[in-house]
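Notes follow once the structure below has been shown.
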Amino acid sequence: MKKLYIKLLFISTLYALASCELNETPYSSIFTESFYKTAGDAEVAITAVYGGIADLYSGPAPLMNSDFSADQVYPRAVVARNTYTLFTYDAAYSAAVSFGRAFESPIFTWTSCYRGIEKANWIIEKVPSIPMDEKRRDEIVGEALFIRAYMHWMLAKNFGEVPVKIVASSKLENAILKKSPRADVYKQIFADLDLAITKLPSYSASLVKGRASKEAAQSLYAKAALYAENWTLALQQAQAVISSGKHSLMPDVKDTYNVIKEDLARAENIFAFECESTTPGKTSQIMGLYGPPGSTAPDYGRTTFGSIFVYQSFFDSLDVKDKRRGLLDTNYVNLQGRIVLQKDITPITRKGILVKKYQDANSIGSNHAVNIPLLRYADVLLIAAEAEARLNGSSSIAYGFINQVRRRAGISDLRVGLSKDALIDAILQERSWELFAEGDRWFDLTRTNTFITVVSKAVNDVYPVRTPTAKYRYFPIPQDEINANPSVEQNPEWK
Amino acid sequence: MLAKGLTYRADMNVIQSSALTDSYSPRSISNTSDLASAGSAGKANSYGTNLLHESILTYQTKLNDVHSLKFTGVFATQKQLSNANSISASIFPNDATTNEALQLATNRTVSSSRSETRLDSYMGRINYGYKDKYFVDVITRIDGASQFGINNKYGFFPAVSAAWRLIEEPFMKEQTLLSDLKLRGSYGITGNANAIGAYNSLALVGSGTANDYQFNHIYTTGIAPTGIPNPDLKWEKSTQIDIGLDVSLLNNRLNLVLDWYNKRTDDLLFVKALPLSSGYGTITGNFASLENQGFEFAANANILNTKLKWNVNANITFNRNKLLSLAGDIQEFAVNNFGIIRVGQPLGIFKTYVFDGNYQTGENILPGSDSRIGGTKVRDVNGDGKISVDDQVITGNANPDFIFGFSTDFKYKNVDLNVFFSGVQGNKVYNLIRYTFENPLGGRNLYKELVNRWSSTNPNNEYVVPLQGGRLPISDRFMEDGSFIRCKNITLGYTLPPIKGISNARIYVSTNNLFTITKYSGFDPEVNSYGNNNTLIGVDNLVYPVAKSYLVGLQVSF
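Each protein sequence line maps, in turn, to chains B and F.
Everything in the first sequence is counted per my numbering, starting at 217 for the first residue and increasing by one.
Everything in the second sequence is counted per my numbering, starting at 1229 for the first residue and increasing by one.
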């Protein structure tokens, strides 16, 4: 007995001595200090940055709240989706949060963009000192710069003045940011893209599908410059994409959105959210929302809800010859092979019109493989046209750009001899026709500050009255941000 | 015993635990349209080891027969190791193998983790007593926990307490009413590390679904930082003052214990919301100060001491807590969409819309409410004609007015009976699971009461029209009174007459949680779905309810 006691005493003393160490060993995690050290680290880290795109577009919030606010499509009035259509949201996005639809709302755009930016910041800070293949290292940093610029632009167009975040949150002090004037936000976007362009590879068929190219950075540059009203820069960058000869319009506009021809359509789709319907896979709700209710239309997808329809006025604005009208439909073929007429598409109106940009007949449930286009060559042509028109008035060069888009759509060239303003209006109208339901229109209306007049006229039997006011030009900064960050002030109109 | 008055004791404890969790969701319950992806299974293993060692050295002596002194030194160290792995799989060809052959599934995901924490404590204590009349205890301890930041692993926690047995004073000798009277007081600092898991202060990277993407149509896993490190993470410190009085009356047949305390907690450990623009949601740190103040009262009465012995015990505690400050000039933030933290308020308050029934046919739907006829109506609290976040108000408090316990023992000859009740009064529980089951989202079970949902022919103020788009606003409809009285235990025993070779034998029947008196509609009012989280209190998001049990037992000692 005594022997055992001594033994135990010995063991316990040993144990005690061996234990004066409180430093932690995180067996199943990696320290940031020991990460970002190898080529493999850099690759998985940049994947996570692209994961930010998938995160942002999972709703996809950037399409839903902007398109619902504009004059092309409207949501079936389920709770907290119609708040954007009706302009009834508040700074806390209380309906969206309370009803569990935050991921469709600007609060998610805000959160997700900064999540993506943070991951990009780590790459930009750490990857340049990794010993690895220099070309690939440059590309990775270029990709991170591109996505950081994309996210800042997304924030700027949604919220106006936002914090510019270019330092990783490696300590708590870095997490408290102030807002920057819009000009400074764009300055940062341009600086990131200037650098990205020097690092990214030019587009080619052998480029890894889904990765950003130099042309993607130039396209984003052109678009951001257009939003910043720097016409020279917008034209210069758009022209760089056009003159590179790397991209072109798909001969048939429908093929741009055809999931079967997705890789072919990369000629036009310069950058997209890469979706797959498999599990695990990154996809969004968008196919299910645009397809008819009750999963009754096999062409649209296996599981569809009938949640978004097109204003009749927008449909009617398209020329009957316009091939883009073929991306809309006033009837559909159901599972039994019978045609469902317009009056029966949705119970909420007899004038339901469907969007066919996000169809995937082989979807798995509501998971679609069809990509969501983010930067298209047609958009670049129209940016070039608008920037040229704003710089040089009614020039033949501007006509040349817009007419490429019109010819592909099968409509006649734009009438010559328009005044500068009329030409710009025509280009904005063309943008609406070309880019509808792609999360673009609302920002055309807000950057030109025409949204109040345009949107109040975009009404129908479902939404007979819509009354946006000046404060809706930018979404309010989420109250959660302001609560946790006393150095960020709410936009003045929303105070 | 090492020498006279000097003893050493060492304890070693090893606790091993292991768990296996099996789950299978069969194809047979899937929608036909989802059959292509149906059948999902899980298998999760976890192993834990808890090693504890304690060395206690004591020296006890008495000087001049009046000064009693006891010195105690303690070293304790605790190591917690855990290992876990899990596999989940989906898309099975059929239900034949359920979750026993995950390799048959089309998709499989795996994960594993390992963690370790340790806690070292060094404690010194001096107990001094003078003539059984005056007592002073001084304790100092240093605790070190691995979870804390690199420079803050150790905390120093001194305490002092004193007691005065007034009954021993000469002026008390005359009276006979009181059999004991003791005044107690203590002041000290204690530390807390409970809310902190392993590696909470470190800068780590990890995987996560928001890090994955598809290149060349192939799913690719990414890795990114998981949060902001907090090298300053340190011990939560509470400074407590306690004043108490022990009174015994009638020859110790009635004993009363009264305590008043005030506990101020600084460097409160909790999970704070970060600015969304930081790229992360939360950080664990020492970000608040909190005050708890309360009064405890316990009584023990020996009512009968005849052939029939009857004892009664009762206790009641009133506690009030108040958040004194939050770090970084913050006054309020949301814990979730119904709970907030606000300076000047207790932890665990609910901020919601005020439920006002359903919108009835012809009623004007307030803008911003986003409701419809037959949908939930929430009150326009500020009367501005619209519903906004300003109409979300503090509607409840998860902290009780008081908690209490009551027990009674009877003993008659060989028969003994013990009954024990406990209860809580005046707290609110947010019944999140009722919110879920009243929410006509589709594709899942609902409460049977939803048969009586609103329709134009069945207007009511209870259950909403199903065409809600699958959402209900967060309102105080789901906040319920969590008061209860629970019969925790009843035991009836019979001590057998002496048997040769057995010193004592008793048989008993016992029942736990026999009944609960409550208005709460969920399974269990004594619920806290987010156990360790000190900002999410009183939320019922479905927990396994407490079991009612009946026991028959035999106790034998030799």
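For glycine and all other residues, C-beta sits at the position ideal for the given N, C-alpha and C.
With a minimum length of 3 residues, the unbroken runs of beta strand (DSSP E) contained wholly in the region 1445-1515 of chain F fall at 1446-1448, 1464-1477 and 1482-1501. Using a Cβ-Cβ cut-off of 7 Å, Ile392/B is close to Pro1503 of chain F, given in chain order. The alpha carbon of Ala1312/F has as its nearest neighbour, out of Gln1331/F, Leu1248/F and Gly1352/F, the alpha carbon of Leu1248/F. Two segments are said to touch when three or more pairs of C-beta atoms, one from each, lie closer than 8 Å; by this definition the region 1625-1632 of chain F does not touch the region 1728-1739 of chain F. In the three-state reduction of the DSSP assignment, Pro344/B falls in the helix class. Residue state for Lys1656/F is assigned as strand, using DSSP reduced to three classes. At a cut-off of 3 residues, the continuous stretches assigned as beta strand (DSSP E) that sit fully inside the region 450-524 of chain B are 485-489. Around the beta carbon of Thr519/B, a 10 Å sphere encloses 16 or more other beta carbons of the protein chains shown; the residue is thus reported as buried. Separation of the CB atoms of Pro702/B and Ile1569/F is rounded to 15 Å, and the pair is thereby denied contact status at 8 Å.
Boundaries of the alpha helix (DSSP H) harbouring Gly268/B: Ala255 to Leu272, taken from the DSSP string. Of the residues assessed, Lys394/B falls on the exposed side of the cut-off, its CB having fewer than 16 other CB atoms within 10 angstroms.
The beta-carbon separation of Ser1506/F and Ser385/B, rounded to 5 Å, stays under the 8 Å limit for a contact.
Nearest to Gln695/B by C-alpha distance, out of Asp515/B, Asp535/B, Ile640/B and Phe375/B, is Phe375/B. For the pair Val1302/F and Gln1308/F, the Cα-to-Cα distance works out to about 20 Å. Using a 10 angstroms sphere on the CB of Lys430/B, the tally of other CB atoms reaches 16 or more, which defines it as buried. Shortest Cα-Cα distance from Leu634/B to any of Lys567/B, Asn608/B, Arg647/B and Gln620/B involves Asn608/B. Of Tyr1350/F, Asn1335/F, Asn1741/F and Asn1688/F, the smallest CA-CA separation from Tyr1778/F is found for Asn1741/F. Spanning the alpha carbons of Tyr266/B and Ala365/B requires a straight line of approximately 13 Å. Ser1684/F is the residue among Ser1684/F, Leu1518/F, Leu1330/F and Leu1720/F whose C-alpha sits nearest the C-alpha of Thr1589/F. Boundaries of the beta strand (DSSP E) around Asp1239/F: Leu1234 to Ser1253.
Beta-bridge annotation (DSSP): Pro291/B is paired with Ile524/B. For chain B, the residues of the region 1452-1471 of chain F that bring a beta carbon within less than 9 Å of one of its beta carbons are Ala1452, Pro1453, Thr1454, Gly1455, Ile1456, Pro1457, Asn1458, Pro1459 and Asp1460, in chain order. Neighbours of Trp338/B across chain F, judged by C-beta separation under 9 Å: Val1433, Ala1452 and Pro1453. Residue contact check for Ala270/B against chain F: a CB pair falls below 8 Å. Along the region 324-350 of chain B, going in chain order, the ones with a CB nearer than 7 Å to a CB of chain F are Trp326, Thr327, Tyr330, Arg331, Ile333, Glu334, Lys335 and Trp338.
Between Ile1735/F and Gly1721/F a beta carbon distance of about 7 Å is seen, short of the 8 Å cut, so the two are scored as contacting. Counting every other CB atom within 10 Å of its CB across the protein chains shown gives Phe1583/F a total of 16 or more, marking it as buried. Boundaries cannot be given for Phe1399/F, as no beta strand (DSSP E) includes it and DSSP labels it neither H nor E. From the listed residues Arg663/B, Val343/B, Tyr330/B and Leu480/B, the smallest Cα separation to Ser464/B is found for Leu480/B. Contact between the region 272-291 of chain B and the region 1454-1463 of chain F is absent, with fewer than three C-beta pairs closer than 8 Å.
In this structure, the alpha-carbon of Asp408/B lies about 10 Å from that of His368/B. DSSP, reduced to helix, strand and coil, places Gln1620/F outside both helices and strands of the structure shown, so it counts as coil.
Taking each of Arg663/B, Glu697/B and Val671/B in turn and checking the Cα distance to Arg398/B, the smallest one comes out for Arg663/B.
Not one beta carbon of chain B lies nearer than 8 Å to the beta carbon of Arg1570/F. Three or more beta-carbon pairs drawn from the region 1287-1307 of chain F and the region 1335-1354 of chain F are found closer than 8 Å, and the two stretches are therefore classed as touching.
For Val1774/F, no beta strand (DSSP E) segment is defined, and its DSSP state is neither H nor E.
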